[in-house]
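What follows is a short report on a single structure.
4 protein chains.
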Amino acid sequence: MSHNTFGHLFRVTTWGESHGPAIGCVVDGCPPRLALTEADIQPFLDRRRPGQSKFVTQRQEADAVKILSGTFEGVTTGTPIALHIENTDQRSKDYGEIKDRFRPGHADLTYELKYGVRDYRGGGRSSARETAMRVAAGAVARKVLEGVTIRGALVNMGGDAIDRTRFDWAQVDQNPFFCPDAAAAARWEDRLTAARKSGSSLGAVVEVVAEGVPPGLGAPIYGKLDAELASALMSINAVKGVEIGDGFASAALTGEGNADEMRMGADGQVLFGSNHAGGILGGISTGQPIVARFVVKPTSSILTPRQSVDRFGQEVEVLTKGRHDPCVGIRAVPVGEAMLALVLADALLRHRAQNPDAPEKARLPRN
Amino acid sequence: MSHNTFGHLFRVTTWGESHGPAIGCVVDGCPPRLALTEADIQPFLDRRRPGQSKFVTQRQEADAVKILSGTFEGVTTGTPIALHIENTDQRSKDYGEIKDRFRPGHADLTYELKYGVRDYRGGGRSSARETAMRVAAGAVARKVLEGVTIRGALVNMGGDAIDRTRFDWAQVDQNPFFCPDAAAAARWEDRLTAARKSGSSLGAVVEVVAEGVPPGLGAPIYGKLDAELASALMSINAVKGVEIGDGFASAALTGEGNADEMRMGADGQVLFGSNHAGGILGGISTGQPIVARFVVKPTSSILTPRQSVDRFGQEVEVLTKGRHDPCVGIRAVPVGEAMLALVLADALLRHRAQNPDAPEKARLPRN
Amino acid sequence: MSHNTFGHLFRVTTWGESHGPAIGCVVDGCPPRLALTEADIQPFLDRRRPGQSKFVTQRQEADAVKILSGTFEGVTTGTPIALHIENTDQRSKDYGEIKDRFRPGHADLTYELKYGVRDYRGGGRSSARETAMRVAAGAVARKVLEGVTIRGALVNMGGDAIDRTRFDWAQVDQNPFFCPDAAAAARWEDRLTAARKSGSSLGAVVEVVAEGVPPGLGAPIYGKLDAELASALMSINAVKGVEIGDGFASAALTGEGNADEMRMGADGQVLFGSNHAGGILGGISTGQPIVARFVVKPTSSILTPRQSVDRFGQEVEVLTKGRHDPCVGIRAVPVGEAMLALVLADALLRHRAQNPDAPEKARLPRN
Amino acid sequence: MSHNTFGHLFRVTTWGESHGPAIGCVVDGCPPRLALTEADIQPFLDRRRPGQSKFVTQRQEADAVKILSGTFEGVTTGTPIALHIENTDQRSKDYGEIKDRFRPGHADLTYELKYGVRDYRGGGRSSARETAMRVAAGAVARKVLEGVTIRGALVNMGGDAIDRTRFDWAQVDQNPFFCPDAAAAARWEDRLTAARKSGSSLGAVVEVVAEGVPPGLGAPIYGKLDAELASALMSINAVKGVEIGDGFASAALTGEGNADEMRMGADGQVLFGSNHAGGILGGISTGQPIVARFVVKPTSSILTPRQSVDRFGQEVEVLTKGRHDPCVGIRAVPVGEAMLALVLADALLRHRAQNPDAPEKARLPRN
């Protein structure tokens, strides 16, 4: 129920504002006796970190994570794990001029209307800086998901989609866009450079995939795996849509075209001839790869002036200076992976609670 | 946390299987002193009811709802409201042949793998019959949302989208598809008739809209209004994607194109020049209409035989006889409306808890 | 979070008023594949049922429970279990005269102040009738707790305590008080007869004990087993105090006197020389019997007139006619057992979620 | 549901071990626009702080609290409030010898059995050090409870109760025991000095009282105010029992003796002739003072050797050196107050959610 807590059994509570002294989170419900040190978490933060290419914000943050509780001698103890990152490059002066003005497309206005007060520096609580803690917590979640591989990629930038036949996970770390198609990455580089120079921004689509997920995860009716995933991904800053498997393309399919046919594999495992379902049927994992996509709108911070209003009810013009990402979708890739990890870790714990012998028994015949 | 409970403060717990003696729900947390009788609920159930046209399942259910608790002399008392519908047309014999076989695209397999047991009659718990209780609970939620209008429409069937310039809410109840474009409805009639006769099925996209929503609803970071809505809509049977406002089309927009410019209206209300955001910024309602869409995959119950497996780990062929909807998207329209109502009622209660003077104060300047 | 839901993973949502058409509950999160029929539940309801001796209310209720969902062919399916009892003897006329008057010690006043409306018939939602559903749900919880024995007894009536050296579980079903000391039962019979005849009532203390509970149950810091149990027992109507193990007597002990010394038993099990702790240390079960007591105040429904006020803000005199229990503590015994069962079933599921190899590994040395 | 989160709408998640680098908490759901700085919190921490008299542990902790998020320019913003205290005096060497041995009466054994790993230094997570964060969070809760006065006192030490006729709140801060009866304080001083010198310890009873609580708080059936309070107080280290109002003494009362008669006061307020109920009827506040007591067992850390076992399953003798409180009940007083504040703040927010016009309307006649 908590506004700032994600998950039911594997739970993450984040705190912190963009320009406060620090940000952090508490990971509660993590199983004991898992090896965990800062070195397990830091690489994921480094992937999300700003200032790494000209295509992401030039804010310089070390994002050095510290574990303040919940581990002892390098293993988790089952008690709450507090993770902590100091904010080192806050440069508050950039934001003074939007103290009283609401940037179109930002949360400035709605925070003001909801709370009647807001930390306007750098977006305060609504800043994407919060997602650093999701990535940190996601790294802990991966520890729970032994045997599961979670990866993400940018599959569309500014309406220009990758060629799916060229999809290559090995490419993802070879370009600054997490793009799995080298040809698309080359096109995007030109396009994003142009957008950045003109003070504009571009939208994007991120795809996240989990392989090795055991069948049986998901808690119908209202804790369905896809519903949890939809909530998780939609909660990322600037996300406006989520789809599973064929997603919106399903509207144009027939029942025959959409059916994933089944046959038997070794050891009672069910194999599928296709994965229109994205690895989830009836809100429960099938054993196939979980495939989800989410769209990230173009950054609202742009140099073109826009009509807006201010705190005093006056009409004003707003343009956003400061250091911003011309395509926030890029840095959303590791965040999307993290959310997928959090959803799966939580689903695994819920599943174990109700089904102590599972998922090992998820075979046919079941007994 | 409960698997079968939706919502945090305005909470609905549903129960019941397709072919059990009854289905029902408990609505907990409803404010007291709201007028409520069965007559407030029944019309919404009647809209969702099967057997009303040749385009939906011919199962005949009266779906007559009874209020068993939580009201006294026609008003809510603040105690849990139990709603109850008897199942009258169960015709179990139709389902005997899929007792041991898993229909591709259905939840048959995953329920078996997860639970090791399932009520196979009519889909049991995974049946869309459960959504009748969502519609009933949604009718109660509407009572909480005084001044808010919630409507839904089918905007795409089988890949054939409506013409948005012809969108007319008055059309929605003039055709069996909840279609707001009379020309599209005519085309769909032919198409769906053909699909039905050939034992095939079609996908669809539903749009739901809430007008009159006060600004300030939504509980960042993990109770954002759009995240709650994504979870709510994705939890509906056969839904594979959810989007808010411009949704996936945002990928092709620039920051300038996506910005909803603002100006001041009367009484300190903020007005917008466009609604790319779908009424939600930073996870909080802006005061504009909330606009969401979700895609419903084509019904998996089709007459064309498909390769599958059975409970014993044998490979088999499956085809689905019985009474089915050739386009389940149609009956998802009132369900989508209900989920939107449930999300908003819950968000309103959460908002009041933390902001006792809101949403009346959501004006500029705020004090 | 839900006001009318108890538990986190094994969850019970109750509904219904004393004089409505029915009462019921939904048990969600129950593991699948447990044998369960009405015959497993009814005997527990029969123990709590009114009308069985002159010492409990003469209201005649069959309290015949029906399972409406969640089982198939005699076993649980992992889906929500709806339990339903029709109210057959409602006799509303008894309550007309307290329609507008608040009985001292009852919830009449506070429901009016909180909700501004109430079903005054028989206490409405605040009636102890609600506890029938706790007993029914508790019977389901017992199914989850294989190997655990849960029993209760009345150990004090009207200030007259049993002689602990005469404690005999076999006596509990031999008298109308659930008294484990035959001599005390005889004394209580006289005393309660006198109280009943004079229209007065008596307080009582109930003790509940669970044997066979594995070590390791309980979820520190805020889901400690004793904290959950305190909440569970305090939520029973008319309960004003809860204690674990030595409870309030601990105030007069020294550290030496309070320490439960340990030694090793067979198979790595830890044995204890005493059980001052009541089977719980640090909020986690030790493997010893869980022992809790709770005090039930004397029934507020008495024939002696008391000064009170009415809905209109007028001062009035109130006396309570109708059929009442002269010692509500008696019928609280099966309710206390049920709450203990619910707490333990929930704790077991929580434990499994975080510790998949437990509680089987709760031995020394642990690995 | 979270193991380390307390509350539903006003929620506190604590983290940290006794000898880790820091302890902290996140307060989520706090209303915006409340004045809050460290100076509002520190005085409450100072009251609980160790090292202040010879009757509490000589560990020296500054317990200097920092607010790391959730406020801006001295007021709360509605976002999560992170509170942080560094551990400065950890002196781990004291604890080496109990690394593998389980102290009777402590949580050492049960943490080992539950988690299979534990931070043995100073009790790790099970240490009463965690309660510092409850006190800090409680100070924030008091901000929400405008007009409510929350106080606590020690009313029994080692079986020696205060004289209720001498109860004087002004005495509470005049002695090192939070004792409201100067004569009892003098007796306790001798007694506790003797216990301390002999390496023994004493039990105690704490009473906490809230005045000015509006009627109507509490969320039946399972969120009753007394049930929440029972859970809150029982979750404090070493607590073995909780009672409300007359508590266990109710067992010896008759219905007449227990009834709190009512009359009308000014402005439609209900007044009571007595407060046997401790300010709660039917789980809802009456407007009278909320009165609760809890018993704290004698400290288990004593110098007398006790029989125990170790991690390897060997029988051993244990005695506890180090710095300990001879009566942990003393420092439990500010913790009890804090838990009462947390329960009431949460109940107030829940009440507002369901009843937007309350508690102002809790008058007779209600409209």
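Residue numbers (the working numbering), protein chains in the order written: chain P, 2 to 368; chain E, 2 to 368; chain L, 2 to 368; chain A, 2 to 368. Quick reminder that beta carbons are idealized off the backbone N, C-alpha and C, glycines included.
| Check | Outcome |
| --- | --- |
| Under the rule that 16 or more other beta-carbon atoms within 10 Å means buried, what is residue 166/L, buried or exposed? | exposed |
| Rounded to the nearest angstrom, what separates residue 284/A and residue 352/L at their Cα positions? | 29 angstroms |
| Measuring CB to CB, does residue 107/A end up less than 8 angstroms from residue 236/A? | no |
| Which of the three DSSP states, helix, strand or coil, is assigned to residue 85/A? | strand |
| With distance defined between alpha-carbon atoms, name the residue in 153/L, 79/L, 279/L nearest to residue 114/E. | 79/L |
| Kindly say whether residue 354/L, judged by its beta-carbon, lies nearer than 8 angstroms to any beta-carbon of chain P. | yes |
| Does DSSP put residue 224/E in a helix, a strand or coil? | strand |
| Taking C-beta pairs closer than 7 angstroms, name the residues in chain E that residue 351/A reaches, listed in chain order. | 354 |
| Alpha carbon to alpha carbon, how far is residue 263/A from residue 98/L? | 18 angstroms |
| Starting from residue 138/E and walking both ways along the alpha helix (DSSP H), at which residues does that stretch end? | 132 to 145 |
| Within the same chain, show all residues whose beta-carbon is closer than 6 angstroms to that of residue 87/P, passing over the 5 residues directly before and after it, in chain order. | 23 |
| Just the C-alpha distance for residue 39/L and residue 74/L, rounded to the nearest angstrom, thanks. | 12 angstroms |
| In the DSSP assignment, find the alpha helix (DSSP H) that holds residue 24/P and state where it starts and stops. | Element bounds for residue 24/P: not the alpha helix (DSSP H) but the beta strand (DSSP E), 23 to 29. |
| Extract the residue ranges of the beta strand (DSSP E) inside the stretch 244 to 275 of chain P, only unbroken runs of 3 or more that lie entirely within it. | 263 to 265, 271 to 273 |
| Considering only the beta carbon of each residue, do residue 5/E and residue 291/P sit closer than 8 angstroms? | no |
| Are three or more beta carbon pairs between the stretch 341 to 351 of chain E and the stretch 196 to 211 of chain A nearer than 8 angstroms? | no |
| Would you mind giving the Cβ-Cβ distance between residue 161/A and residue 185/A, rounded to the nearest angstrom? I have them listed as a contact below 8 angstroms. | 7 angstroms |
| Work out the CA separation of residue 139/L and residue 338/L for me, nearest whole Å. | 8 angstroms |
| Taking the alpha-carbon positions, what's the residue 278/L to residue 241/A distance? | 8 angstroms |
| What residue range is occupied by the uninterrupted alpha helix (DSSP H) comprising residue 45/A? | 39 to 49 |
| Give the residues of chain E in contact with residue 79/A, contact being defined as C-beta atoms less than 7 angstroms apart. | 355 |
| Determine the contact status of residue 41/E and residue 61/E, defining contact as a CB-CB distance below 8 angstroms. | no |
| Flag this pair as yes or no: are the beta carbons of residue 149/A and residue 294/A separated by less than 8 angstroms? | no |
| Would you kindly report the start and end of the unbroken alpha helix (DSSP H) that includes residue 66/P? | Where residue 66/P is concerned, there is no enclosing alpha helix (DSSP H), although the beta strand (DSSP E) it sits in stretches over 66 to 68. |
| According to DSSP, what are the bridge partners of residue 295/P? | 207/P, 243/P |
| Spatial neighbours of residue 297/E within its chain, please: CB distance less than 7 angstroms, with the 5 preceding and 5 following residues excluded, ordered by chain position. | 204, 205, 207, 239, 240, 329, 330, 333 |
| Which partner residues of residue 158/A appear in the DSSP bridge assignment? | 161/A, 205/A |
| Do you know how far the Cα of residue 37/L is from the Cα of residue 304/A? | 52 angstroms |
| Closest to residue 174/A by CA distance: which of 126/A, 10/A, 364/A, 53/A is it? | 53/A |
| Assuming residue 21/E and residue 69/L form a contact by the criterion Cβ under 8 angstroms, report the distance between their Cβ atoms to the nearest whole angstrom. | 6 angstroms |
| Tell me which residues of the stretch 7 to 41 of chain E have at least one Cβ-Cβ distance to chain L shorter than 7 angstroms, keeping chain order. | 9, 12, 14, 16, 17, 18, 21, 22, 23, 25, 27, 29, 30, 33, 34 |
| Expressed to the nearest angstrom, what Euclidean distance is found between the alpha-carbon atoms of residue 105/A and residue 309/A? | 7 angstroms |
| Quick check on this structure: which residue in 271/E, 100/E, 57/E, 336/E has the alpha carbon closest to the alpha carbon of residue 320/E? | 100/E |
| Would you mind working out which of 131/E, 220/E, 340/E, 227/E sits nearest residue 29/A, comparing C-alpha positions? | 220/E |
| Which residues, in order along the stretch 242 to 272 of chain A, keep a beta-carbon less than 7 angstroms from a beta-carbon of chain L? | 242, 243, 244, 245, 246, 247, 248, 249, 251, 252, 253, 254, 255, 256, 257, 259, 260, 261, 262, 263, 264, 265, 269, 271 |
| Can residue 310/L be considered in contact with the ligand SAH, in the sense that its beta carbon sits closer than 7 angstroms to one or more heavy atoms? | Absent from the structure shown: the ligand SAH. Ligands present: none. |
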